[in-house]
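Colleague:
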Amino acid sequence: MRFAASFRAMSVGIATASFLFAGSLLAQQQKKYDLIGVNARLEHTINSKTAMPGEVVVAKLDHAARTPEGVDLPKDTELVGKVVRAGASRNGGPSSITIAFHEARLKDGKEVPVKVVILGAYPADEHALAEYGDQTMGPAPRHISSQEQVVQEPGLLSHVAMRSAVHSHNSGTFTRKKGDFSLVEGTFFQIGIAPRAWDHQQQS
Numbered sequence: 002m003r004f005a006a007s008f009r010a011m012s013v014g015i016a017t018a019s020f021l022f023a024g025s026l027l028a029q030q031q032k033k034y035d036l037i038g039v040n041a042r043l044e045h046t047i048n049s050k051t052a053m054p055g056e057v058v059v060a061k062l063d064h065a066a067r068t069p070e071g072v073d074l075p076k077d078t079e080l081v082g083k084v085v086r087a088g089a090s091r092n093g094g095p096s097s098i099t100i101a102f103h104e105a106r107l108k109d110g111k112e113v114p115v116k117v118v119i120l121g122a123y124p125a126d127e128h129a130l131a132e133y134g135d136q137t138m139g140p141a142p143r144h145i146s147s148q149e150q151v152v153q154e155p156g157l158l159s160h161v162a163m164r165s166a167v168h169s170h171n172s173g174t175f176t177r178k179k180g181d182f183s184l185v186e187g188t189f190f191q192i193g194i195a196p197r198a199w200d201h202q203q204q205s
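Using our numbering, the first residue of the sequence shown is number 2, and each one after it goes up by one.
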């Protein structure tokens, strides 16, 4: 379980994912519009070398969640989205993948439009899968401010960095400075989620 131990250490290192808060007073005023935090896992591998815009991306919630608006999302709810942009490495140069989740698909087939922002990404491994939970990755934050931005430097996810912002229409952008990379099946995500109507409330 050597990896599990190091995985816990990386979880503590979540501080390297810089959470930048702007306008705390505004965030308090908009608290009723906060996103709720939950953990999820990527259902299939995405490779920067082969990914194409429009390619379907699916992640599955690891436990049940209820949004501040009262929408219940049971465990194993599928988050369905797509690759928005993908850039393969050229001659060993940088590569990137931008994804956006837009729908929650419940077990009964019901589909709920959602807003999703990725707060952190963590490596998948058979030992990590066995040990996965709040003890390894840490619990997702209960509420995420509408002003939040995230910068996750390379380290938690090998040589891959991740950036996201609640105000963005995308869920997150992954980049590597040199060469291509994969987000493998089982990659752990901590996300903020809310019904899609949240976006309209923010714009009104």
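Idealized CB from N, CA, C, for every residue including glycine.
1) Look at the alpha carbon of residue 86 and the alpha carbon of residue 69, and state the distance between them as a whole number of angstroms.
2) Just verifying my parser: in three-state terms, what is the DSSP assignment at residue 96?
3) Going by beta carbon distance, what residues of the same chain come within less than 6 Å of residue 48, once the five residues before and after it are set aside?
4) When you compare the stretch 152-169 with the stretch 63-80, are there three or more beta-carbon pairs, one atom per stretch, that lie closer than 8 Å?
5) Quick one: what's got a C-beta closer than 8 Å to residue 186's C-beta in the same chain, skipping five residues either side?
6) Run the CB neighbour count on residue 109, radius 10 Å, all protein chains shown included, and call it buried at 16 or more, exposed below.
7) Given that a residue counts as buried once 16 or more other Cβ atoms are within 10 Å of its Cβ, and exposed if not, what is residue 40?
8) Who does residue 39 pair with in a DSSP beta bridge?
9) Beta carbon of residue 89, beta carbon of residue 50: below 8 Å?
Modeller: Inspection of the coordinates gives the following:
1) 30 Å
2) strand
3) Closer than 6 Å at the Cβ level, and outside the excluded window around residue 48, lie 183.
4) no
5) 43, 44, 45, 46 and 125
6) exposed
7) buried
8) 192
9) yes
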